[in-house]
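Protein chains in written order, with the working numbering: chain A, 1 to 76; chain B, 77 to 411; chain C, 412 to 774.
Glycine included, each C-beta is placed from N, C-alpha and C at the ideal position.
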Amino acid sequence: MCLAIPAEVIEIQENDLAVVEAGGAKKRISLSLVDDVRVGDYVLVHAGFAIEIVDEQEAKKTMELFEELARLDEVP
Amino acid sequence: MPERLISIAHGGGGTRMRELLRETVFPLLGEDVLLDAEDAAVLALPGDRIALTTDSFVVKPLFFPGGDIGKLAVCGTVNDLAMVGARPLYLTMGLILEEGLSFSVLEKVVSSVADWAENTQVRIVAGDTKVVERGMADGMYINTSGVGVLEEGREVSIKGASPGDALIVNGYVGDHGIAVLSEREGFSFQAELLSDCAPLYGLVQSMLEAGEVHSLRDPTRGGLAAALNEMASASGCAFEVVEGDVPVREGVRAVCEMLGLDPLYVANEGKFLAAVGESDAGKVLAEIKGHALGENAMLIGRATEGRKGQVSLLTPLGTRRLLRTPSGEQLPRIC
Amino acid sequence: MKYLDEFRSPDAVKGLVCRIKDLGESAKLMEVCGTHTMAISKFGLRSLLSPQVELVSGPGCPVCVTSDEDIDRAIALAGMPDVILATFGDMMKVPGSEGSLADAAARGASVEVVYSPLEALEIAHREGDKRVVFLGVGFETTAPAVAATLLRAAEEGAKNFFLLSFHKLVPPALRALASLPDFEIDGFILPGHVSTIIGAQAYSFLPSEFGIPCVITGFEPADILQAIYLLLRMRKESPSVRVEYSRAVRPEGNPKALSVMDRVFERTDAQWRGLFEIPNSGLALKRGYGQHDAGAWEVELPQPVGDRGCRCGDVLCGKIKPGQCPLFAKKCTPEDPVGPCMVSSEGTCASYYLYERREEGLA
Numbered sequence: 001m002c003l004a005i006p007a008e009v010i011e012i013q014e015n016d017l018a019v020v021e022a023g024g025a026k027k028r029i030s031l032s033l034v035d036d037v038r039v040g041d042y043v044l045v046h047a048g049f050a051i052e053i054v055d056e057q058e059a060k061k062t063m064e065l066f067e068e069l070a071r072l073d074e075v076p
Numbered sequence: 077m078p079e080r081l082i083s084i085a086h087g088g089g090g091t092r093m094r095e096l097l098r099e100t101v102f103p104l105l106g107e108d109v110l111l112d113a114e115d116a117a118v119l120a121l122p123g124d125r126i127a128l129t130t131d132s133f134v135v136k137p138l139f140f141p142g143g144d145i146g147k148l149a150v151c152g153t154v155n156d157l158a159m160v161g162a163r164p165l166y167l168t169m170g171l172i173l174e175e176g177l178s179f180s181v182l183e184k185v186v187s188s189v190a191d192w193a194e195n196t197q198v199r200i201v202a203g204d205t206k207v208v209e210r211g212m213a214d215g216m217y218i219n220t221s222g223v224g225v226l227e228e229g230r231e232v233s234i235k236g237a238s239p240g241d242a243l244i245v246n247g248y249v250g251d252h253g254i255a256v257l258s259e260r261e262g263f264s265f266q267a268e269l270l271s272d273c274a275p276l277y278g279l280v281q282s283m284l285e286a287g288e289v290h291s292l293r294d295p296t297r298g299g300l301a302a303a304l305n306e307m308a309s310a311s312g313c314a315f316e317v318v319e320g321d322v323p324v325r326e327g328v329r330a331v332c333e334m335l336g337l338d339p340l341y342v343a344n345e346g347k348f349l350a351a352v353g354e355s356d357a358g359k360v361l362a363e364i365k366g367h368a369l370g371e372n373a374m375l376i377g378r379a380t381e382g383r384k385g386q387v388s389l390l391t392p393l394g395t396r397r398l399l400r401t402p403s404g405e406q407l408p409r410i411c
Numbered sequence: 412m413k414y415l416d417e418f419r420s421p422d423a424v425k426g427l428v429c430r431i432k433d434l435g436e437s438a439k440l441m442e443v444c445g446t447h448t449m450a451i452s453k454f455g456l457r458s459l460l461s462p463q464v465e466l467v468s469g470p471g472c473p474v475c476v477t478s479d480e481d482i483d484r485a486i487a488l489a490g491m492p493d494v495i496l497a498t499f500g501d502m503m504k505v506p507g508s509e510g511s512l513a514d515a516a517a518r519g520a521s522v523e524v525v526y527s528p529l530e531a532l533e534i535a536h537r538e539g540d541k542r543v544v545f546l547g548v549g550f551e552t553t554a555p556a557v558a559a560t561l562l563r564a565a566e567e568g569a570k571n572f573f574l575l576s577f578h579k580l581v582p583p584a585l586r587a588l589a590s591l592p593d594f595e596i597d598g599f600i601l602p603g604h605v606s607t608i609i610g611a612q613a614y615s616f617l618p619s620e621f622g623i624p625c626v627i628t629g630f631e632p633a634d635i636l637q638a639i640y641l642l643l644r645m646r647k648e649s650p651s652v653r654v655e656y657s658r659a660v661r662p663e664g665n666p667k668a669l670s671v672m673d674r675v676f677e678r679t680d681a682q683w684r685g686l687f688e689i690p691n692s693g694l695a696l697k698r699g700y701g702q703h704d705a706g707a708w709e710v711e712l713p714q715p716v717g718d719r720g721c722r723c724g725d726v727l728c729g730k731i732k733p734g735q736c737p738l739f740a741k742k743c744t745p746e747d748p749v750g751p752c753m754v755s756s757e758g759t760c761a762s763y764y765l766y767e768r769r770e771e772g773l774a
């Protein structure tokens, strides 16, 4: 029961609401479970709520690890 | 002036109903045979085989991005005829109207029916109107039955696929279901997502002339997965489909990810799945791509010898999994 | 889609699988999240790694572990004349003693499927003369969202908004599993989004008391494979909890979400369908929110159904594979589910039925 998708915050509204966008689809969600969200942040969206802000530094590290592993195959 | 609304009397078979038909419905349809008000239309048919189909349309909301229940009612039935290679000729239109439906909504829908009948060169020659109490029929339901004719020797059947056949879809899948669902769930899009509702006979006709098309199926409810399973089962083939080759729009994918839906199970209203003889596949695919409703067509897999009726998916990771036929309605998950 | 597609890269997956194969270690690993079960089946990872790594599924589907009695209670409420029951779609087909919510809707009960508890609150505002009951099912990923909605309802004076809470907690279930006499697992693949809320420290008893290494991971194939690699490596080290899903999980979790949960819920004992009662593993509304608690309403419940002959309990503990249950794919299918493992599309049996090919030796 863990479906949560990363989406970019494109607009912050009052009442702890925000509009997020992923893959060209936009939706309004609640920010009441997270603090200090800014436009441009990526959040994990679950059941209409942001449950965490994506740590982009950590995401980058993980992505770099996977990119390295992807190149393993290329070694002759 | 108060808004004009449908009342129970409009379905009563008396003067109110005759007024409704003669003053509103018939003029919009522009069909003289209806004015004769016979109990049945007597028509000439070329050839000695006809194709006959029926479908009921209960979409909610009545108007959605890219279409409305009227357009669906024409295209849906015309497409069913096209799937057996039949040229559509005549449609019937049965209306079930909810008491309290506004005349302006009725007029918009019937105009849409008339427009799309003209577009598909189909005549609406018979119909029926009923009115039910407030709270039933979600505004309105429409049933259309369609009659079409088949060229001599034409055989396009759900049983027709055979091992080696190429499997082709004519474009993006999932647009219709997600366009309708997005209205209800409050999703909006950078580039507006429209239902793909469209009449396919013109495209089907050119495909059939271009090469050996063995089987056609329209992936409406249950999506492409349902169509693949039905075709594989009926023909006794196994199907191997390359998941990465099935065209899906980014916005549709995003909504599906967020709601926990699989685009392969989402309804389409302007698509077909075709099984085409191996040697003709290239020709037929080129023909489809040259058509406005087939620009984004893709070869997505093959029919093979193998476990009869089994549809396997090759994932983008190079692994294999089953693609089962859907059971019941796809409901948004959060799980 | 950003921060999603990158973790599905076929080349990264190939590289990760090579690394796992090169290690040579073999292991039996358990994941405890329905979303992991489904991702593993959907991406075809199970057959990719077998026989070296055996992946078994635990009781990670909160829909599947909702008891017969709880479903019956939800159905009874939905059938009340002025009640609308709002629920996540996953719950519609779960069989209770006398059919599912979908069956009840067919018989005239008012049931509405929602994607978010906030939609249920909107319904309550719109239908002022009805009592709107939100069916709260889900682990710690979902409970804060439901709690936040309840707080909003209280603030907005929505007196006709109620919660029927069947929420459950993951760590107590893991403790109960690990305490089973014949429980033998070489490592846990832990749920990424539950951990987003509760953090990594919540699981420290697993290595320290039971000697089981754990990796918290996300749901994309690269994440899952990386977790498996780490768990295999950890067999040679002293057991610990590691976070692979560092982009979404902090060691302390999400304190704000935890405090929202805490304001509204308190722990209670809970019945896990197919398993047993686990103490302090459920969430009930605190007394202060009693006026929104539909769990307190008096209802008549049908006689509980006895043993249905399914082996869900053994599947949920990872003792057997779905194919080993006599009902799998015969009497028990997604269209006609008998046991909890088949009901949700993320149940173990459902995942196997839907995705694993017959060549792989299943029914």
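- request: Can you pull the chain B residues whose beta carbon is under 7 Å from the beta carbon of I5 of chain A, in chain order?
  value: Position 5 of the first sequence, counting from 1, holds the residue named residue 5 of chain A. The contacting residues are E333, M334.
query: Hey, how far is the Cα of A774 of chain C from the Cα of V198 of chain B?
result: Taking the first residue of the third sequence as 1, we reach residue 774 of chain C at position 363. Taking the first residue of the second sequence as 1, we reach residue 198 of chain B at position 122. In this prediction, A774 of chain C has a pLDDT of 34, which is less than 50 and means its spatial position is unreliable; what the coordinates show is noted afterwards. Rounded to the nearest whole angstrom, the C-alpha separation of A774 of chain C and V198 of chain B is 49 Å.
message: List, in chain order, every chain B residue whose beta-carbon is nearer than 7 Å to that of F454 of chain C.
response: As a first step, residue 454 of chain C must be located in the third sequence, where it is residue number 43. Result: T391, L393, T395.
message: Please tell me whether A558 of chain C and F676 of chain C are closer than 8 Å, where the distance is taken between their beta carbons.
response: Against the third sequence, residue 558 of chain C aligns to sequence position 147. Against the third sequence, residue 676 of chain C aligns to sequence position 265. Their beta carbons are under 8 Å apart, which means A558 of chain C touches F676 of chain C by this criterion.
task: Identify whether A117 of chain B lies in helix, strand or coil by the three-state DSSP scheme.
output: Numbered from 1 along the second sequence, position 41 holds the residue referred to as residue 117 of chain B. DSSP places A117 of chain B in coil when its eight states are reduced to three.
task: Quick one: using the 10 Å Cβ neighbour count with 16 as the cut-off for buried, is I218 of chain B buried or exposed?
output: As a first step, residue 218 of chain B is located in the second sequence; it is residue number 142 there, counting from the start. Buried is the call here.
task: Provide the residue span of the beta strand (DSSP E) that contains P239 of chain B, from first to last.
output: Within the second sequence, residue 239 of chain B is the residue found at index 163, counting from 1. P239 of chain B -> no beta strand (DSSP E), and no H or E assigned at all.
- request: Determine the direct distance from the alpha carbon of E688 of chain C to that of Q682 of chain C, and round the result to whole angstroms.
  value: Here the question's residue 682 of chain C lines up with position 271 in the third sequence. Here the question's residue 688 of chain C lines up with position 277 in the third sequence. Taking the straight line from one Cα to the other gives about 4 Å.
message: Is there a C-beta anywhere in chain A that falls below 8 Å from the one on G568 of chain C?
response: One-based indexing of the third sequence puts residue 568 of chain C at position 157. Cβ-Cβ to chain A under 8 Å: no for G568 of chain C.
field: Sequence-distant residues of the same chain with beta carbon closer than 6 Å to E770 of chain C, five excluded per side
entry: What you label residue 770 of chain C is simply residue 359 of the third sequence in a count that begins at 1. Annotation note: pLDDT 49 at E770 of chain C (below 50); position unreliable, coordinate value reported separately. Only residues of its own chain outside the window of five on either side were considered, and among them none has a CB closer than 6 Å to the CB of E770 of chain C.
task: Determine the DSSP secondary structure at S388 of chain B, reduced to helix, strand or coil.
output: For the purposes of this step, residue 388 of chain B is identified with residue 312 of the second sequence, where counting begins at 1. DSSP places S388 of chain B in strand when its eight states are reduced to three.
query: Using DSSP with H/G/I as helix, E/B as strand and the rest coil, what is K136 of chain B?
result: Residue numbering aside, residue 136 of chain B sits at position 60 when the second sequence is read from its first letter. K136 of chain B falls in the coil class under three-state DSSP.
Proximal residues of chain A, C-beta to C-beta of T552 of chain C below 8 Å: As a working mapping, residue 552 of chain C is identified with position 141 in the third sequence. What T552 of chain C touches in chain A: M1, C2, A4, H46, I51.
- request: Take G772 of chain C and list the residues in its own chain whose beta-carbon comes closer than 6 Å to its own, dropping the five residues that flank it on each side.
  value: Residue numbering aside, residue 772 of chain C sits at position 361 when the third sequence is read from its first letter. Note on G772 of chain C: pLDDT 41, under 50, position unreliable in the model; the coordinate value appears next. Contacts found: none.
Beta-carbon gap between T552 of chain C and I10 of chain A smaller than 8 Å: The count along the third sequence starts at 1 and reaches residue 552 of chain C at position 141. The count along the first sequence starts at 1 and reaches residue 10 of chain A at position 10. Cβ distance not < 8 Å, so T552 of chain C and I10 of chain A don't count as in contact.
Residue burial classification, G471 of chain C (beta-carbon count within 10 angstroms, cutoff 16): In the third sequence, residue 471 of chain C corresponds to position 60, counting from 1. Buried is the call here.
- request: Check each candidate in C:A513, C:L617, C:E567, C:A554 and name the one with the smallest Cα separation from V605 of chain C.
  value: In the third sequence, residue 605 of chain C corresponds to position 194, counting from 1. Measuring from the Cα of V605 of chain C, the nearest candidate turns out to be C:A554.
query: Apart from the five residues on each side of it in sequence, which residues of its chain come closer than 7 Å, Cβ to Cβ, to L276 of chain B?
result: Taking the second sequence and counting its residues from 1, one reaches residue 276 of chain B at position 200. So the qualifying residues of the chain are N155, A158, G346, F348, L369.
field: Opposing strand residues paired with K27 of chain A [DSSP bridges]
entry: Numbered from 1 along the first sequence, position 27 holds the residue referred to as residue 27 of chain A. A:V20, per the DSSP bridge assignment.
- prompt: Of all Cβ atoms in chain A, is any one closer than 8 Å to the Cβ of D422 of chain C?
  reply: Reading the third sequence from its first residue, position 11 is the one you call residue 422 of chain C. D422 of chain C counts as touching chain A.
field: Interface flag, G40 of chain A vs chain B, CB-CB below 8 Å
entry: As a first step, residue 40 of chain A is located in the first sequence; it is residue number 40 there, counting from the start. Answer no: the Cβ-Cβ gap between G40 of chain A and chain B never drops below 8 Å.
Nearest-angstrom Cα separation, counted from F454 of chain C out to T395 of chain B: Residue 395 of chain B sits at position 319 when you count from the first residue of the second sequence. Residue 454 of chain C sits at position 43 when you count from the first residue of the third sequence. So the two alpha carbons sit approximately 7 Å from each other.
message: I need the DSSP call for D680 of chain C, collapsed to helix, strand or coil.
response: As a position in the third sequence, residue 680 of chain C is number 269, starting the count at 1. Of the three classes helix, strand and coil, the one that applies to D680 of chain C here is strand, per DSSP.
task: Tell me, please, whether the CB atom of E509 of chain C is closer than 8 Å to any CB atom in chain B?
output: Working through the third sequence from its first residue, we reach residue 509 of chain C at position 98. So, not an interface residue.
query: For I431 of chain C, does the three-state DSSP call read helix, strand or coil?
result: Within the third sequence, residue 431 of chain C is the residue found at index 20, counting from 1. Three-state DSSP puts I431 of chain C in a helix.
- request: Would you mind stating whether T401 of chain B and N305 of chain B have Cβ atoms separated by less than 8 Å?
  value: Along the second sequence, read from residue 1 onward, the residue named residue 401 of chain B stands at position 325. Along the second sequence, read from residue 1 onward, the residue named residue 305 of chain B stands at position 229. Result yes, Cβ atoms of T401 of chain B and N305 of chain B sit closer than 8 Å.
- prompt: Could one say the Cβ of M412 of chain C lies closer than 8 Å to chain B's Cβ atoms, at least one of them?
  reply: Against the third sequence, residue 412 of chain C aligns to sequence position 1. At a cut-off of 8 Å between beta carbons, M412 of chain C contacts chain B.
task: Tell me whether C728 of chain C sits in a helix, a strand or coil according to DSSP, three-state version.
output: Here residue 728 of chain C refers to the residue found at position 317 when the third sequence is read from its first residue. If DSSP states are grouped into helix, strand and coil, C728 of chain C belongs with coil.
task: Below 7 Å between beta carbons is the criterion; list the residues of the segment 259-284 of chain B that meet it against any residue of chain A, in chain order.
output: G262, F263, S264, F265, Q266, A267
message: Considering only DSSP beta bridges, list what K206 of chain B is partnered with.
response: Translated into positions along the second sequence, residue 206 of chain B becomes position 130. K206 of chain B pairs with B:I172.
query: At a CB-CB cut-off below 9 Å, which residues of chain A make contact with G229 of chain B?
result: Within the second sequence, numbered from 1, the residue matching residue 229 of chain B stands at position 153. Here the premise fails: no neighbours, minimum Cβ distance about 46 Å.
query: Does the beta-carbon of A193 of chain B have 16 or more other beta-carbons within 10 angstroms, so that it is buried, or is it exposed?
result: On the second sequence, residue 193 of chain B is found 117 positions in, with the first residue counted as 1. Per the 10 Å Cβ criterion, buried.
message: Measuring alpha carbon to alpha carbon, tell me which residue in C:L532, C:K439, C:R586 is nearest G568 of chain C.
response: Here residue 568 of chain C is taken as the residue at index 157 of the third sequence, counted from 1. Looking at the Cα atoms, C:L532 is the closest of the given residues.
query: So what's G772 of chain C in DSSP terms, helix, strand or just coil?
result: If you number the third sequence from 1, residue 772 of chain C lands on position 361. Residue placement at G772 of chain C is flagged as unreliable, the pLDDT there being 41, under the threshold of 50; a coordinate-derived value is accordingly withheld.
- prompt: Per DSSP, what kind of secondary structure is H290 of chain B in: helix, strand or coil?
  reply: Counting from one through the second sequence, the residue named residue 290 of chain B turns up at place 214. Correct three-state label for H290 of chain B: strand.
task: Counting only the same chain and skipping the five closest in sequence on each side, list residues whose C-beta sits under 8 Å from that of E268 of chain B.
output: For this step, residue 268 of chain B is matched to residue 192 along the second sequence. Within the same chain, E268 of chain B has close Cβ partners P141.
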